[in-house]
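**Q** Quick mapping for you: the protein sequence lines, in order, are chains A, B, C and D.
With this note's numbering, the residue at position 392 of the first sequence is 392, and numbering never jumps.
With this note's numbering, the residue at position 80 of the second sequence is 80, and numbering never jumps.
With this note's numbering, the residue at position 426 of the third sequence is 426, and numbering never jumps.
With this note's numbering, the residue at position 374 of the fourth sequence is 374, and numbering never jumps.
Every residue, glycine too, gets a C-beta built ideally from N, C-alpha and C.
As the structure is a prediction and not an experimental result, all values here were calculated from the model.
My questions will all concern the structure given below.
There are 4 protein chains.
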Amino acid sequence: MMKQKELKIAVIGGGSSYTPELVEGLIKRFSELPVKQLYLADIEAGREKLEIVGALARRMAEKAGVPMEIKLTLDRREAIEGADFVATQMRVGLLEARSRDERIPARYGLIGQETTGAGGFAKALRTVPVILDICRDIRELAPDAFMLNFTNPAGIVTEAVLKYGGGVKTIGLCNLPIGIRMQVAELYGVDDSLVDIETVGINHLNWTTRVHLDGVDITTDFLEKAAGSSGLTMKNIPDLDWDAGLLKALKALPCAYHRYYYMRDEMLSEQLEKLHTVGTRADVVKQVEEELFELYKDPDLNVKPSQLEQRGGAYYSEVAVRLMTSIYTNKKDIQTVNVRNNGIISFLPDEVSIEVNAVIDADGAHPLQLTRTPGAHIRGMLQVVKAYEELTVEAAVHGDYDTALQALTIHPLVGTAAAAKAILDDILTENRSYLPQFFQ
Amino acid sequence: MMKQKELKIAVIGGGSSYTPELVEGLIKRFSELPVKQLYLADIEAGREKLEIVGALARRMAEKAGVPMEIKLTLDRREAIEGADFVATQMRVGLLEARSRDERIPARYGLIGQETTGAGGFAKALRTVPVILDICRDIRELAPDAFMLNFTNPAGIVTEAVLKYGGGVKTIGLCNLPIGIRMQVAELYGVDDSLVDIETVGINHLNWTTRVHLDGVDITTDFLEKAAGSSGLTMKNIPDLDWDAGLLKALKALPCAYHRYYYMRDEMLSEQLEKLHTVGTRADVVKQVEEELFELYKDPDLNVKPSQLEQRGGAYYSEVAVRLMTSIYTNKKDIQTVNVRNNGIISFLPDEVSIEVNAVIDADGAHPLQLTRTPGAHIRGMLQVVKAYEELTVEAAVHGDYDTALQALTIHPLVGTAAAAKAILDDILTENRSYLPQFFQ
Amino acid sequence: MMKQKELKIAVIGGGSSYTPELVEGLIKRFSELPVKQLYLADIEAGREKLEIVGALARRMAEKAGVPMEIKLTLDRREAIEGADFVATQMRVGLLEARSRDERIPARYGLIGQETTGAGGFAKALRTVPVILDICRDIRELAPDAFMLNFTNPAGIVTEAVLKYGGGVKTIGLCNLPIGIRMQVAELYGVDDSLVDIETVGINHLNWTTRVHLDGVDITTDFLEKAAGSSGLTMKNIPDLDWDAGLLKALKALPCAYHRYYYMRDEMLSEQLEKLHTVGTRADVVKQVEEELFELYKDPDLNVKPSQLEQRGGAYYSEVAVRLMTSIYTNKKDIQTVNVRNNGIISFLPDEVSIEVNAVIDADGAHPLQLTRTPGAHIRGMLQVVKAYEELTVEAAVHGDYDTALQALTIHPLVGTAAAAKAILDDILTENRSYLPQFFQ
Amino acid sequence: MMKQKELKIAVIGGGSSYTPELVEGLIKRFSELPVKQLYLADIEAGREKLEIVGALARRMAEKAGVPMEIKLTLDRREAIEGADFVATQMRVGLLEARSRDERIPARYGLIGQETTGAGGFAKALRTVPVILDICRDIRELAPDAFMLNFTNPAGIVTEAVLKYGGGVKTIGLCNLPIGIRMQVAELYGVDDSLVDIETVGINHLNWTTRVHLDGVDITTDFLEKAAGSSGLTMKNIPDLDWDAGLLKALKALPCAYHRYYYMRDEMLSEQLEKLHTVGTRADVVKQVEEELFELYKDPDLNVKPSQLEQRGGAYYSEVAVRLMTSIYTNKKDIQTVNVRNNGIISFLPDEVSIEVNAVIDADGAHPLQLTRTPGAHIRGMLQVVKAYEELTVEAAVHGDYDTALQALTIHPLVGTAAAAKAILDDILTENRSYLPQFFQ
């Protein structure tokens, strides 16, 4: 039984500025999830950050008096070998690539965003091949491990593993659903353990279709309260208010990323304006990260600095550690994760990834039947964006130009063949070194 | 929130010999499920039994020191009004009707059984109209109540409520899945809380496709142990041993009722032989019940008599009380119940009842995605028997002869048009007073 | 058998400028389709046009020596009573309404088009209630009649009849697919009887996925020829050239209306420019129609004037008359029509309308299994636009604001909640007298 | 274009007694289907029959004055090379094997039949590997050829090619549907060209759900006439009368082979009785064939002898030649054939074979949407028998004992695990030399 094992966790992209968040979570839950070895793996280009973050992590563990060994490595395979969990949080091409992802669509008057639209498409093309390489290592070195995927665009990346990962067990994670739950709790002034939400959709495009407070359905009341509320958002997304009429019509709360669709024009204006002042979101994050790493270097720092919370990954650690704990302890609680659809959302193909509530046990994530069948509006949006995602997975895996062009052309935030072609050509040119699959 | 309510439970068919089992369960869980009022309702013909059982129930509650009021009534509507749970366990036509159900098919050389095949078909025709009457009362008098249906054939009866109950919330129950879990626990010498099984199928025709012990998959080992084991059975079904080759081929454990299919010839022989010696199973049960009621009359008896366990309903109370508790406390544990399919078993229609694992919370039962997709063998059997069940629901609701004939003709234990017609005609003739829908 | 009947055809909107086209077709096929009575029905506001067109029709029949009685009526029920075919070609609100439909979206910088996007949405809201009224008449007065629906948006209108027409037999028609066939024939210099095309999609959003010339697949060659070809278009749609790279990626020819999606920006520019010079397309058509009616008045005119072909309805008559002929003669040839999906396009709901190849016999239209399963690109586009259409049918039938808002918001040519709301409010205000379902 | 080609047909199993039937058909249609070369291929064991039949065929062609070369060969590859059509009508194991197939189930009190039940199962195990070998030859030597499969069990064999034939184009054929059409024509005294029937199901298990006479639905009248009619049967199946009540309930005419299900007991009695008198059907056929070959030897015989019609393959030639003609001439008429389901029968998997109406053109067979959705009775029977067929295909291809056991156990004419195991073991033992896939 897993519980008897000495736990080993491998974090790919371990030099990330988010790592102290994760380490804090592991420390807090150590009694339930007694991690023996935490491997932080990164690439040569990230060596310095890895060492800074690794040293901080060790100070944090020591301060907490927790016997968790923290190992730093540039050899991914060493980290993966025999691991129980492999968490992926790397960023192929670093923030420079993200900045390009945000700028290219803007050139053509379109939204450029890290995960949504043409920006996320570019990120997917770069990331999927690396993720599938990691899968090969896992199959060889840790075939029973769960790959917990945080790398964005998490839905596409998880789907690539489900389809092409050769059987590697994977679960995709996002901090957005837990954020909604926490905000409901705050809105009603209750403990979040009393709140249940039903999420329907895919990563970064899902709706909260039902809200329960201590077993009682408060969805209608909640939607009235949520209209105009700017609290229900993410750090990295402008928090424009939701229109009450829209929420009433939808009978559901869109997620933060829905603003790029429902409020496309305002979002675009804001983005273009920022581009001319502070630069892309990547540029902003880059500066935040530099400041964070300066803090991390302080040899007296031995807890997660509060500034990290400004970075945007609220509850990231909570989500990751809760998931590992429920698998490890066979807990059977309900969490919102990215998994294979297999009939849960009846109008999407079986083999795609979806983001829904699932029971988590030693065997992984087991999605629950939906209690609210989404209507045609939600259905249509999910279907077209999922079709884009499926094409993107194929394009990323096979390096096929025509498939890539089909993908970008139907994305609702691109929409025309001419823009799709121009953007695709720019992406391929500017990411050439990261996209060998397209240049063989 | 439900937890604040004063709980009222209505038991339709409250005069059943099983009632002390249920009462014992309610007493044991009183701290979690503080039932204020337990209404036992029955019909005039059952008045005497109701009074005997009711008196015993009161002595049991008093002995246990539990402040649960036990009310007896011949007015079903009084019992239902404002109830939180309405449990149905009645037997339309009493054991006399069951005896006929078992004899009629035997006349034509076919298996006659309470729930499976032509016997269960007759029981369904009698029961469905009464159940739908109860639904009308619930909609009027207790619209928020859960109808917990134990009345056999539970799958068909539950499906009738799902399709024609006008929105009454219902969950169908059976003690068979929990029985398997308990037997696994016994076989491995562990506490049953460490055992998880995955059930796939419909009521009285389901397979255990996965067995976990403390999070570890032991299915293959279990199937080897289960072959030849006569322990894995039900009190009311001859416990013929499973063939090791069959279990290996199926990669799953059939349920006890599968013996009527996989071992049809032996089961039929045994049944015909018994018919000539001790009579039908109904005849045997009748005598057991008479003995039980003699015991129940004893004014000094204030606990459930151990002889009740010989009756066949092991874990019946456990199943019922656990379900009510999880709904009442919004517990979110996993139980095996009969619910609307809605895509969980992809090859059965959405609107039929299936018996699978589900999370139970204040909102009811939420089935889990299957982890093992059944192969063509299980699929084919389920599809043909479910088609029979769907036709039976239609025939029972609309009183349509042609539909009834279609139903019986495709049941694998009937199979020919001539036998179906002869049996149907006998059923209609001998149950005329209970089948007004066919004689208008 | 139908063939023995004396044929009666009712044309609702009989005063249309297109009617001479239809009459010409009926005359040409009279030997196969011996129409006894042709009823042209219109409303009071169209009396003058009806009389002009009716007189021309009579002169045409007389000139051709064909014993087809042409009756004019303002009483729709008189026309429908006992009819074999009821053809609908009316325009609720006349060209004035169409002009508004084209102007409203333009106000918000969006495409305004008769059938596609927000313009078609407004037309659907006005038309569906009238069509369902006609269905009521058909059910009462000509229950065996086929309703042949040419009224745009034909896909939505046909779907409304399929869902809410109370069983009226209906087939939706469009001249676009036959146009492609004709253009293939022209391109290859062959008779069109040698050309077969496979159409996949819905009305005004379908792809030609396969082209056969005398039984040989020439799809790839055809797509190469079609790129850049401006011939493959419709009179009422700017004939921008298709990009060769797009056709290669799609492996299919988009239909003319696809330009509003794939070339949205160019189409919008062109539209806005025209709006400031010649006005809306409706304004242009209005002038063309006035000129046509001037011609029609000429008592010496007894054939269809060649100027009618400039109007945009090429092959309209061919499509209508071929369909009636194949039904009447039980011909079993293949035509491209709008029918209930029922599994033909596996990723669309069963009950929606689709536009595909079907065998036409006395029983109606029987769609053929697709030989090319569309990929994710075509799938995604069809799914989101069909979801819009389903919502539009519901909004049009029930007059529900929230559903209407959901519909417009997901249309790819609208896309944002704010634009959807503004346009919807304008549509309701400016069409109030035609939309009683929204103002009760 | 195919029409320009010099046609070559290969007949695998060309020495069959049916061949003169086929040759007669080819002669009759020579003007439409000008076959240049007819290759009759057989194995060494069939050399004598091949020579007899080949000589007769040549005399027939000569007599008819038709320039069709008839070539005889023991080299299958020579026959296949460059062929346009490859017709398979061989019998692996000859009539001796069929006789065993009929005897083995009878040993256990079950029906033994050439295509239905355990007998057909054995035939499938022997035939599928040979058919897939032929597919390999076709892929190599005649990749554009259509394989027309008459070899029984035609549904299973066709499905094996669809799933494992590596893309070989195949259509499965049966003379049963055309037989029903002819019998309807006879019953109503009309030419069969006026009759249309709708067939729903799979090979040897399909229902006629709609009958049209000159475009008018006469289904109800026809079913009344068909009850009791022993005419609607096949030469090789006892022609027990249909019960009027059953046909009324089904609202469809079962096919001749349905008697093995609906009248299982009578069919079994008849079979067991015959077994003790004249032997198996194979034994009877063997004698008929010997007599036929004696006739064929007559050097003066130069037409198909009328005695052949007693053999049971009425319309066999008609079916084969009509199909080839429609493909060759791109005719687009409707024929009933075995093809990939792909959504036509919504409740069966996409990739299985079904027997339904299809338009035949140069591209092959294109099934039509059903006009009558079958109810749960037909659905359930089709699903369980198709599940048996799917398992049989897998067992035949992979030689897997467990899959074979699962297949036989769920066949409605076997039903119990013990009988399935006993029969399977007998089949494997007695067909060992034909089943290398099971003995590796």
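Expressed to the nearest angstrom, what Euclidean distance is found between the alpha-carbon atoms of B:Leu278 and B:Val285?
**A** It should be noted that the sequence gives Val, not Leu, for residue 278 of chain B. Rounded to the nearest angstrom, the two C-alpha atoms are 11 Å apart.
**Q** Whose C-beta lies closer than 7 Å to the C-beta of C:Met1 among residues of the same chain, with five residues either side of it excluded?
**A** Residue confidence is low: C:Met1 scores 42 on pLDDT, short of 50, so the model does not pin down where it sits. Its coordinate-derived value is still stated next. Taken in chain order, the list of residues that qualify is empty.
**Q** Using a beta-carbon distance below 8 Å, is C:Asp241 in contact with chain A?
**A** Chain A contact via Cβ: absent.
**Q** Going along the chain, which residues of the stretch 348–371 of chain A sit with their C-beta nearer than 7 Å to a C-beta in chain F?
**A** The structure shown has no chain F; the protein chains it does contain are A, B, C and D.
**Q** Just mark A:Arg107 as buried or exposed, buried being the case when its beta carbon has 16 or more other beta carbons within 10 Å.
**A** Classification of A:Arg107: exposed, given that the 10 Å Cβ count is below 16.
**Q** Please determine, among D:Val216, D:Leu74, D:Arg91, the residue with the shortest C-alpha to C-alpha distance to C:Ile327.
**A** Nearest C-alpha to C:Ile327: D:Val216.
**Q** Please report whether the beta-carbon of B:Met60 lies at a distance below 8 Å from any beta-carbon of chain D.
**A** Not closer than 8 Å to any Cβ of chain D, the Cβ of B:Met60 fails to qualify, so no.
**Q** Using 8 Å as the threshold, is the stretch 31–40 of chain C in touch with the stretch 105–120 of chain C, meaning 3 or more CB pairs across them?
**A** No: the two stretches stay apart, fewer than three of their Cβ pairs being nearer than 8 Å.
**Q** Around the Cβ of C:Ser16, are there at least 16 other Cβ atoms within 10 angstroms (buried) or fewer (exposed)?
**A** Buried, because 16 or more other Cβ atoms sit within 10 Å of the Cβ of C:Ser16.
**Q** Report yes or no: is there a C-beta of chain D within less than 8 Å of the C-beta of C:Ala10?
**A** Not one chain D Cβ lies under 8 Å of C:Ala10.
**Q** Where DSSP assigns a beta bridge to B:Ile334, which residues make up the other side?
**A** B:Val359, per the DSSP bridge assignment.
**Q** In terms of residue numbering, what span does the beta strand (DSSP E) encompassing B:Gly364 cover?
**A** Start and end: 364–367.
**Q** Taking just the CA atoms, how far does D:Ala45 sit from C:Ser353?
**A** Their backbone Cα atoms lie some 57 Å apart in a straight line.
**Q** Report the start-end ranges of each alpha helix (DSSP H) in the stretch 13–78 of chain A that is 4 residues or longer and not cut off at the edges.
**A** If we require 4 residues or more, the alpha helix (DSSP H) runs fully inside the stretch 13–78 of chain A come out as 19–28, 47–64.
**Q** Taking the straight line between their C-alpha atoms, what separation do you get for D:Val195 and D:Glu140?
**A** Rounded to the nearest angstrom, the two C-alpha atoms are 41 Å apart.
**Q** Measuring straight from C-alpha to C-alpha, what distance separates B:Val397 and B:Lys251?
**A** Looking at the two C-alpha atoms, the distance is approximately 37 Å.
**Q** Using 8 Å as the threshold, is the stretch 384–395 of chain D in touch with the stretch 150–165 of chain D, meaning 3 or more CB pairs across them?
**A** The stretch 384–395 of chain D, when compared against the stretch 150–165 of chain D, does touch it at the 8 Å Cβ threshold.
**Q** For D:Met1, which three-state DSSP category applies?
**A** For D:Met1, the predicted model reports a pLDDT of 42, less than 50, meaning its position is unreliable and no value from the coordinates is stated.
**Q** Per DSSP, B:Trp242 forms a beta bridge with which residues?
**A** DSSP output for B:Trp242 lists no bridge partner at all.
**Q** Report yes or no: is there a C-beta of chain B within less than 8 Å of the C-beta of D:Thr416?
**A** Chain B contact via Cβ: present.
**Q** Does the beta carbon of C:Tyr388 sit closer than 8 Å to a beta carbon anywhere in chain A?
**A** Yes, C:Tyr388 counts as interfacial toward chain A.
**Q** When DSSP labels each residue in this structure, what does B:Thr115 get in the three-state scheme?
**A** Coil, per DSSP.
**Q** Measuring CB atoms only, is the stretch 321–339 of chain C touching the stretch 14–29 of chain C, in the sense that at least three cross pairs come out at less than 8 Å?
**A** With the cut-off at 8 Å, the stretch 321–339 of chain C and the stretch 14–29 of chain C touch.
**Q** Does the count of Cβ pairs from the stretch 335–342 of chain A and the stretch 357–373 of chain A closer than 8 Å reach three?
**A** With the cut-off at 8 Å, the stretch 335–342 of chain A and the stretch 357–373 of chain A touch.
**Q** Closer than 7 Å: is that where the CB of A:Val157 sits relative to any heavy atom of the ligand PLP?
**A** Of the ligands one can find in the structure shown there are none, so the ligand PLP has no counterpart to examine.
**Q** With DSSP as the reference, label C:Thr199 as helix, strand or coil.
**A** Three-state DSSP puts C:Thr199 in a strand.
**Q** Who does B:Leu7 pair with in a DSSP beta bridge?
**A** Note: B:Leu7 sits in a beta bridge opposite B:Val35.
**Q** Can you tell me whether C:Gly119 is buried or exposed? The criterion is at least 16 other CB atoms within 10 Å of its CB, across all chains shown.
**A** The residue in question, C:Gly119, is buried, as its Cβ has 16 or more Cβ neighbours within 10 Å.
**Q** Find out if the Cβ-Cβ distance for the pair A:Gly167, A:Arg126 is shorter than 8 Å.
**A** In this structure, A:Arg126 does not lie closer than 8 Å to A:Gly167 by Cβ.
**Q** Residues of chain C with CB closer than 8 Å to the CB of D:Asn203, please, in chain order.
**A** Chain C residues near D:Asn203: none, gap ~18 Å exceeds 8 Å.
**Q** Would you identify the three-state DSSP class for D:Ala87, choosing helix, strand or coil?
**A** If DSSP states are grouped into helix, strand and coil, D:Ala87 belongs with the strands.
**Q** Taking buried to mean at least 16 other C-beta atoms within 10 Å of its own C-beta, is A:Thr209 buried or exposed?
**A** It counts as buried.
**Q** Could you confirm whether any beta carbon from chain D is found closer than 8 Å to the beta carbon of B:Ile410?
**A** Interface residue, yes.
**Q** Do you know how far the Cα of D:Thr280 is from the Cα of D:Gln307?
**A** For D:Gln307 and D:Thr280, the distance between alpha carbons rounds to 21 Å.
**Q** Does the CB of A:His212 have a neighbour CB from chain C at under 8 Å?
**A** False, the Cβ-Cβ gap to chain C never drops below 8 Å.
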